[in-house]
Amino acid sequence: MAVKVIEEKCIGCEVCVSVCPFDAIEMVDGKAHITDKCTMCGACVEECPVGAIEKEEENKRKVNIEEYEGVWVFAEQREGNLMNVSIELLGEGRKIADKLNTELTAILLGNNVKNLADRLIKYGADKVIYAESPQLDVYTTDGYTRVICDLINERKPEIMLIGATNIGRDLGPRISARIHTGLTADCTRLDVDLENRRLMQTRPAFGGNLMATIICPNHRPQMSTVRPGVMEKAKYNETREGVVEVINPDLKEEDITAKVIDYVKEKRSQVKLEDASIIVSGGRGLGNPEGFKLLKELADKLGGVVGASRATVDAGWIDQSHQVGQTGKTVRPNLYIACGISGAIQHLAGMQESKCIVAINKDKDAPIFKIADYGIVGDVYEILPELIKGLENIDELMENA
Ligand SMILES: Cc1cc2nc3c(=O)[nH]c(=O)nc-3n(C[C@H](O)[C@H](O)[C@H](O)COP(=O)(O)OP(=O)(O)OC[C@H]3O[C@@H](n4cnc5c(N)ncnc54)[C@H](O)[C@@H]3O)c2cc1C
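Our numbering puts the first residue of the sequence shown at 1, with every later residue one more than the last.
Pasting the structure below:
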């Protein structure tokens with residue numbers, strides 16, 4: 001859907017300019033002109049006295065998809081630090097670009113962060129388009145949307161990948177609405193149908209009960225936001241070379257409607273589950289919050305951190321920042337020990353890519369055993385103390401091994 005002015009009918013009365021709540025209409029040569037600030041609210045369509053503004057239906061907006069080429073990754077940075085998800089997307093974007101035999105471009109926005117461009121190349125980008133402006137110093141919906149939409153309209157990439165971070169979840173839908181294409185949010189897997197150059201975007205659907213693969217056949221770019229931690233990070237290659245193009249978008253202070261005054265960091269303690277190489281995770285089978293103390297003891301001995309199922313978070317046994325799964329964090333540690341966790345699909349969605357999964361459960365038919373590399377059928381309160389005791393002598397055992 002888009003809003004369009006029928007120039008022959010427009011009498012230049014400027015009623016639409018005054019009723020538009022988003023200042024998205026300008027007068028050009030005496031005729032109304034819809035700018036990219038338009039949110040398609042339709043206020044102008046209703047108020048135009050001569051019926052010169054209409055909403056254009058989706059099916060009238062078919063694009064020539066053959067004009068679109070290349071894979072783009074939004075390289076999210078905050079205060080000059082590249083987000084991990086951007087490196088994961090470069091890894092995935094590289095695979096997709098190679099399959100499609102096309103270029104991988106990283107889109108970097110900011111102010112005085114050109115130094116990141118070189119890292120993006122070393123992580124697999126062929127090219128970096130760096131948009132620099134004082135107005136892009138911190139993320140704003142207006143500024144970032146405007147610059148990226150202009151770039152997409154001008155250069156026509158066939159695929160655009162964005163991390164499903166707070167920023168990505170704000171930015172992705174705004175861009176896709178502006179450029180009238182589809183967006184599959186929160187993808188956990190991507191692939192390509194080579195014959196049709198289609199991006200196969202897989203994400204949990206219907207409350208996580210099935211995985212849906214979604215395509216965007218008639219519009220470009222094909223856009224996905226991808227959950228952090230799901231894709232493997234690109235490898236850093238010191239010898240890689242590529243092109244860095246710097247652009248200076250014409251953005252003025254008044255173009256940014258929201259002003260960021262300050263950032264207040266959340267005080268509660270956050271566990272960095274996504275970066276941990278060992279996670280000892282607890283489920284309802286622990287029976288009570290005290291059980292997590294035992295898990296912490298084991299995690300400390302192994303140099304890991306504590307994770308949790310949603311059931312325990314909902315019960316108030318542990319903070320939500322520990323939750324693993326579809327509505328929690330996606331992790332891929334070297335070792336994931338699931339204690340008293342049944343293995344519901346929504347939990348598996350967040351940890352099944354772990355390198356080695358050990359499950360402890362007293363029900364031998366618990367679904368978690370289907371994906372576990374090692375399974376222990378038994379009571380967590382019998383097994384865990386034994387494991388902790390065993391680890392006390394680990395140095396001695398290793399020396400004698
Ligand atoms: C939209 C949606 C999103 C969701 N998102 C998430 C998510 O992000 N993460 C998530 O985890 N869940 C999520 N869920 C919930 C999910 O469906 C399950 O309900 C939840 O994962 C179950 O948690 P659990 O395995 O701890 O509990 P249960 O399913 O109750 O399993 C407890 C297990 O402990 C075992 N057990 C009991 N006592 C002992 C003992 N003493 N020793 C050893 N084993 C024992 C039992 O045999 C059982 O297998 C979501 C659900 C929905 C609908």
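Beta carbons: idealized from backbone N, C-alpha and C, even for Gly.
Look at R310: its beta carbon is less than 8 Å from one of the heavy atoms in ligand 1. By the C-beta density criterion, K355 is exposed, having fewer than 16 other C-beta atoms within 10 angstroms. In the structure shown, Y381 falls within a helical segment according to DSSP collapsed to helix, strand and coil. Relative to the non-hydrogen atoms of ligand 1, the Cβ of Q352 never comes closer than 8 Å to any of them. Positions of the beta strand (DSSP E) runs, each at least 3 residues long and wholly inside the stretch 268-343, are given as 278-282, 305-308 and 335-339 in order along the chain.
The beta carbon of N334 lies closer than 8 Å to those of S277, I278, S354, K355 and C356 in the same chain, with the five residues before and after it left out. Sequence-distant Cβ neighbours of E297 in its own chain, meaning closer than 7 Å and more than five residues away, are I388. Between V244 and I121, the CB-CB gap stays under 9 Å. Look at C356 here: in three-state DSSP terms it is strand.
In the DSSP annotation of this structure, the continuous segment of the beta strand (DSSP E) that includes M160 starts and ends at I159 to G163. Looking from the CA of A106, the closest CA among E88, N115 and D126 belongs to D126. In the DSSP assignment, Y130 falls within the unbroken beta strand (DSSP E) covering K127 to E132.
Counting other Cβ atoms within 10 Å of its Cβ, S18 stays below 16 and is therefore classed as exposed.
Not one heavy atom of ligand 1 is found less than 8 Å from the C-beta of R227.
With contact defined as three or more Cβ pairs closer than 8 Å, the stretch 38-45 and the stretch 11-30 are in contact. Beta bridge pairing from DSSP links Q77 with L82. Using a Cβ distance threshold of 9 Å, Q222 and E158 count as a contacting pair. According to the DSSP secondary-structure assignment, V192 is paired through a beta bridge with L199.
In this structure, the alpha-carbon of I371 lies about 26 Å from that of L89. Cβ contact annotation for Q320 (same chain, cutoff 8 Å, sequence separation greater than five): V313 and G328, in chain order.
Per DSSP, reduced to three states, the secondary structure at L251 is coil, with no helix or strand assignment.
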